[in-house]
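Only one structure is covered here, and it is reproduced in the block below.
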Amino acid sequence: MKKLFHLILFFLISATAYSQVDKITFNNDDSVIGEIKSMKNGVLSIETDYSDADFTIEWSGIKTIISESYFLITVSDGRRFNGQIATNDNGLIDMITDDEGTITVYADDIVHLESVDKGFWSQVYASIDVGFDITKANNLRQLTSRSNVGYIAERWSTDMFYNGLNSEQDSVAPVKRDDAGIDFKYYFQRKWFSVISSTFLSNTEQKLDLRTNGKLGIGTYLLQTNAVYWNLSTGASFNMEQYEDPSTDRDSWEGYVSSELNMFDTGDLSLTAKAGVYPSITEKSRIRTDFSFDVKYDLPRDFYVRMGATLNYDNQPVEGASESDYIFSTGFGWEL
């Protein structure tokens, strides 16, 4: 029995030692040992045995890194690799890749790391937040929610989202808005990508029961650093619209130009802005625009608070509907 106990203890110690394969040394020469989970938005997360929560540090605050973990690596020129990383004697980062051997880059050239040692779930990301407002005047009650889930691989990624708003108050018709979508991106070498997506919008302000929009396009990253992501894409879309009055339903072809800006080199604060312009091909002089802006402040243990605004504009709405619809919302949420 005593031998069995010693054997079990040996394996437990060995497993613990094996799990701590990555060493990070900071600019002040302090260090931490554990398993690197990711580096995104300029912040590296490492899991340690002596802390319940993951340890996080800004990428710019790291002096050296020695890792046996296996990562999906994205660099600032848009290239993506599977492999390992380690700081060399010159203070640069050696990427030991599967396809191209050892590639040496500056630390600032690495803009994203995702551990793939733990299988499928290590490459999944998700978030959800909710907000609820009650006002005594007119007995206003409003519920907002936002959520998304996605998966990122070496050459492709997919993302799904849902945003909802329900508002009721005395002497006013209820307001309801639902916005959802799914997209798929395939990444070419350097900064180019192709995209296919579908979005769905229901909106009482514009008398819209359902707008289904399918897009196919190509895009590029204008900026891709540890502080900013900024992309631009263009292509064609097909628009199917169903209104409260079925006689006003319409289908149309559109071109589109869209852009997304993410800024995250601001401590615990991050900003995201998205804009899209849709000039109609089959409806004369019609143009639609979508815009959203979000500010998120990170809290401990992956919680956050968010404030955002969304605007939809159509210069040729159906009769009796508004040209524009906008919402301002706040929420408290959690992200994976």
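Here this note's numbering is used: the first residue of the sequence shown is 46, the next is one more, and so on.
Don't be surprised by glycine CBs; every beta carbon is placed ideally from N, CA and C.
Alpha carbon to alpha carbon, how far is Ala366 from Ile138?
Distance between the alpha carbons of Ala366 and Ile138: 57 Å.
Excluding the five sequence neighbours on either side, which residues of its own chain have a C-beta within less than 8 Å of the C-beta of Tyr115, listed in chain order?
Asn127, Gly128, Gln129, Ser160, Val161, Asp162, listed in sequence order.
Ignoring anything shorter than 3 residues or poking outside the segment 182-239, list the beta strand (DSSP E) runs there in chain order.
List check, beta strand (DSSP E) in window: 185-197, 201-214, 217-232.
Contact between the segment 206-213 and the segment 235-243 is defined here as three or more beta-carbon pairs at a separation below 8 Å; is this criterion met?
Taking 8 Å as the limit for Cβ pairs, the verdict is that the segment 235-243 does not touch the segment 206-213.
Would you check if there are 3 or more beta carbon pairs closer than 8 Å linking the segment 282-290 to the segment 256-263?
Contact check between the segment 282-290 and the segment 256-263: three or more CB pairs, one atom from each, fall below 8 Å, which counts as touching.
Asp335: first and last residue of the uninterrupted beta strand (DSSP E) it sits in
Segment 332-343, the beta strand (DSSP E) holding Asp335.
Between Glu80 and Arg125, is the Cβ-Cβ spacing less than 8 Å?
In this structure, Glu80 lies away from Arg125, with their beta-carbon atoms at least 8 Å apart.
What are the start and end residues of the beta strand (DSSP E) that includes Trp379?
First-last of the beta strand (DSSP E) with Trp379: 369-380.
For Val194, which of Lys230, Asn184, Leu185, Ser172 has the nearest alpha-carbon?
Of the listed residues, the one whose Cα sits closest to Val194 is Ser172.
Going by beta carbon distance, what residues of the same chain come within less than 6 Å of Glu305, once the five residues before and after it are set aside?
The beta carbon of Glu305 lies closer than 6 Å to those of Asn276, Lys319 in the same chain, with the five residues before and after it left out.
Residues bridged to Gly79 (per DSSP):
Partner residues in the beta bridge of Gly79, as assigned by DSSP, are Asp67.
Is the beta carbon of Thr249 less than 8 Å from the beta carbon of Asp228?
Going by C-beta atoms, Thr249 is not nearer than 8 Å to Asp228.
When you compare the CB positions of Phe336 and Leu314, do they come within less than 8 Å of one another, or not?
Not in contact: Phe336 and Leu314 (Cβ atoms no closer than 8 Å).
Buried or exposed for Gly376, going by 16 or more other Cβ atoms inside 10 Å?
It counts as buried.
Spatial distance of Thr61 from Asp94 (CA atoms):
Summary for Thr61: the model assigns pLDDT 43, below 50, so the residue's position carries little reliability, and this model does not support an answer.
Distance check for Met308 and Arg333, CA to CA, integer angstroms please.
The alpha-carbon separation between Arg333 and Met308 amounts to approximately 26 Å.
On a Cα-Cα basis, can you pick out the residue from Thr189, Ile197, Trp201, Gln234 that is closest to Val220?
Per the Cα distances, Thr189.
Since Leu316 is in the beta strand (DSSP E), which residue starts that stretch and which ends it?
Taken as a continuous stretch (DSSP letters only), the beta strand (DSSP E) holding Leu316 covers 314-324.
Using a threshold of 8 Å, state whether the C-beta atoms of Ser243 and Ile263 are closer than that.
Not closer than 8 Å, so no.
Can you give me the C-alpha to C-alpha distance between Gln361 and Met352, rounded to a whole angstrom?
Spanning the two alpha carbons is a distance of roughly 30 Å.
Ser212 and Gln251 closer than 8 Å at C-beta
In this structure, Gln251 does not lie closer than 8 Å to Ser212 by Cβ.
Report the option in Ile148, Leu267, Leu253, Tyr266 whose CA atom is closest to the CA atom of Tyr288.
Nearest of Ile148, Leu267, Leu253, Tyr266 to Tyr288, Cα basis: Leu253.
Below 7 Å CB to CB, which residues in the same chain sit around Arg235 once its five sequence neighbours on both sides are set aside?
If we look at Arg235 and ignore the five residues flanking it on each side, its Cβ neighbours are Asp122, Gly123, Arg124.
According to DSSP, simplified to helix, strand and coil, what is Gly264?
Three-state result, Gly264: strand.
Which whole-angstrom value describes the C-beta separation of Ile110 and Thr142, a residue pair presumed to lie in contact below a C-beta threshold of 8 Å?
Incorrect: roughly 16 Å between the Cβ atoms, too far for contact.
Around the Cβ of Glu145, are there at least 16 other Cβ atoms within 10 angstroms (buried) or fewer (exposed)?
Glu145 should be labelled exposed.
Could you tell me if Tyr151 is buried or exposed, where buried requires 16 or more neighbouring beta carbons within 10 angstroms of its beta carbon?
Exposed.
Anyone know if the C-beta pair for Ile91 and Asp99 falls short of 8 Å?
Taking 8 Å as the Cβ cut-off, Ile91 and Asp99 qualify as a contacting pair.
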